[in-house]
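According to the numbering used here, the stretch in the sequence shown is residues 132 to 615, in order. Note that CB positions come from ideal geometry on N, CA and C, so glycine has one too. Given the structure is predicted, the values throughout are model-derived calculations rather than measurements.
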Amino acid sequence: MQEIPNDVVLLTDVNHNVGYAKYAGTWRIATELRRLNANVKIIECFTSFTEQQVLTLIDLYVCKQTKFVGISTTLLHGEFFLGFRNNFFAEIKSAIHKKNPNCKLVLGGSRVNDFLNVPGVDIYVAGKADISVKQLYQSLCSNTSMPERILNTDYPVSSDYFSSTTIKFTHTDDITWGESLPLEIARGCIFKCSFCQYDLIGKRKGDYIKDPETLKNELIYNWETFGTTDYLFTDELINESKEKVDLLHSIFTKLPFKISWSAYARLDLFYAYRDMRDKLLEMGAAGLVFGIETLDETAGKLVKKGLGKNRIFETLDHLSETYNGQVVMSSNFIIGLPTETKSSLYQTFEWLNSEDCPLDVFSFTPLNLRNADDGRQMNEISLNPDKFGYSSVGTEGNKLIWENENISYNESLEILNHFRNENKFSKKAHLGSGNMLGRIKNLGFTIEDTKKQFFEPDNTVDWQAMTNKLITKKINKYITRENI
Ligand code: SF4
132 MQEIPNDVVL
142 LTDVNHNVGY
152 AKYAGTWRIA
162 TELRRLNANV
172 KIIECFTSFT
182 EQQVLTLIDL
192 YVCKQTKFVG
202 ISTTLLHGEF
212 FLGFRNNFFA
222 EIKSAIHKKN
232 PNCKLVLGGS
242 RVNDFLNVPG
252 VDIYVAGKAD
262 ISVKQLYQSL
272 CSNTSMPERI
282 LNTDYPVSSD
292 YFSSTTIKFT
302 HTDDITWGES
312 LPLEIARGCI
322 FKCSFCQYDL
332 IGKRKGDYIK
342 DPETLKNELI
352 YNWETFGTTD
362 YLFTDELINE
372 SKEKVDLLHS
382 IFTKLPFKIS
392 WSAYARLDLF
402 YAYRDMRDKL
412 LEMGAAGLVF
422 GIETLDETAG
432 KLVKKGLGKN
442 RIFETLDHLS
452 ETYNGQVVMS
462 SNFIIGLPTE
472 TKSSLYQTFE
482 WLNSEDCPLD
492 VFSFTPLNLR
502 NADDGRQMNE
512 ISLNPDKFGY
522 SSVGTEGNKL
532 IWENENISYN
542 ESLEILNHFR
552 NENKFSKKAH
562 LGSGNMLGRI
572 KNLGFTIEDT
582 KKQFFEPDNT
592 VDWQAMTNKL
602 ITKKINKYIT
612 RENI
């Protein structure tokens, strides 16, 4: 079989919720490498292949000129390696060496610290890899010595550097015409909520935002090349400031085509800037996810989500005046925030299911505390559990099994299950969140039809079966090299 001249092979995954969308981080890395003229083959759905199929992929895509095979850990959470045996990575390495003894096995992504000491791995790329991956590739090309582990602190990505970066997809990336794609407009967040484990939180206003011309060109390129008009914005917050919203409004509304998108947003900014609501609608908002997290005033204040119940209700009503039936409004709520009682959580659940609640979709998540860094930042509560009233009753890997005076981690799981089992819950929660719009659309819908699935859910549709079918089709394409 003809050898494919790949300089780099990247194995990445897709989020295992229903629907399908590409994971931005791998393409950000590939874009940097392709700028160095590297041929980069990206293979998605990594953990959906069988072990034998993974070895076949190595045989098909690694060649004498391949410098490294990279595996992203960002989506490899849940069970350890989601089913792959630890030692399987040593087998991957041997398969690589059969094709090319100089080719390295590299692990990167946001959870790399969870995967240290895996047999067969040569190099770990920790933190944001925009720059470090280029250093890695150039060192391997020139045969200079490489450190065993590259830390982000060695190659920090500055705000200026980020502003001119793009994600440039190519025709080798298996993109269907009109596919919803991820887009990174900004990184980080000006807020610093106590439960948040994103990095770059507490950044200065205006930092880490893409240059307007770069952003416009990326949108036009995707439209001309792939017919893309629908996006999943990866920003921590689309509406982090009035200035950012005004800037994006001026770019998006002047494009020669209309875009639609879903993104995370904060309610208190809509409360403070009333005209933000209609600006976001004019610039293409189709789905917004608000991290309301709690209706309990004390808990909200303690974790820096202090808008308070009355202003939350008022802001949601204000938004629904123009968003109703046009923008999917959703929010997550955390089970186990400091001082919040179980009865408060049940009351929130009742309100979410009542006619009074303008949210179209909601979800609950147990509070995530860790006892060690897994590559992502530790949140403030994990760093100071005593201060927030938590104590440890055990650990599971890096996860802290906590309890406070009102609730324990295990009780938070029970409450989550209880909510999930309530029939009424499935009415508003069957598709996860408004950020799922692009993923569902990629199963073969228009964006308007996708929105209807959130406003008037059809519970007879088997989303999981549709998702599985698409993933199987992709796997077969990789194995038969149809999408080279
Ligand atoms: S939870 Fe959201 S608003 Fe709070 S710091 Fe994290 S990204 Fe920012």
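- In this structure, T296 is the residue among L400, T360, T296 with its C-alpha nearest to the C-alpha of Y339.
- In the three-state reduction of the DSSP assignment, Y286 falls in the coil class.
- For N548, the enclosing alpha helix (DSSP H) has its first and last residue at 540-552.
- Looking only at K572, K435, C234, S289, the smallest Cα-Cα distance to L312 is reached by K572.
- For E344, the enclosing alpha helix (DSSP H) starts and ends at 343-357.
- In the three-state reduction of the DSSP assignment, D138 falls in the coil class, being assigned neither a helical nor a strand state.
- The secondary-structure analysis by DSSP pairs R501 across a beta bridge with K530.
- Within the same chain, N370, K373, V376, L400, F401 come within 8 angstroms of M407 by CB-CB distance, once the 5 residues on both sides are set aside.
- H449 and G439 have their C-alpha atoms spaced approximately 15 angstroms apart.
- In the structure shown, V492 adopts extended strand secondary structure according to DSSP, grouped into three states.
- The beta carbon of I332 sits closer than 7 angstroms to at least one heavy atom of the ligand SF4.
- By the neighbour-count definition (other C-beta atoms within 10 Å, threshold 16), G319 is a buried residue.
- Per the coordinates, the alpha-carbon of I254 lies some 23 angstroms from the alpha-carbon of F180.
- V524 sits exposed, since fewer than 16 C-beta atoms from the chains shown fall within 10 Å of its C-beta.
- Here Y521 is buried, its C-beta having at least 16 other C-beta atoms within 10 Å.
- Counted as a single uninterrupted DSSP element, the beta strand (DSSP E) harbouring G418 occupies residues 416-424.
- In the assembly as shown, Y477 is an exposed residue. Its beta-carbon has fewer than 16 other beta-carbons within 10 Å.
- In the structure shown, the three-state DSSP call for K172 is strand.
- Exclusion of L411 from the 7 angstroms shell around the ligand SF4 follows from its C-beta lying no nearer than that to any non-hydrogen atom of the ligand.
- Residue range 594-611 is occupied by the alpha helix (DSSP H) that includes I610.
- In the three-state DSSP reduction, Y268 falls in the helix class (H, G or I).
- If the five residues before and after M414 are omitted, its C-beta is found closer than 7 angstroms to the C-beta atoms of L379, H380, F383, T384, all from its own chain and listed in chain order.
- Of T425, Y404, G467, V249, the smallest CA-CA separation from N218 is found for V249.
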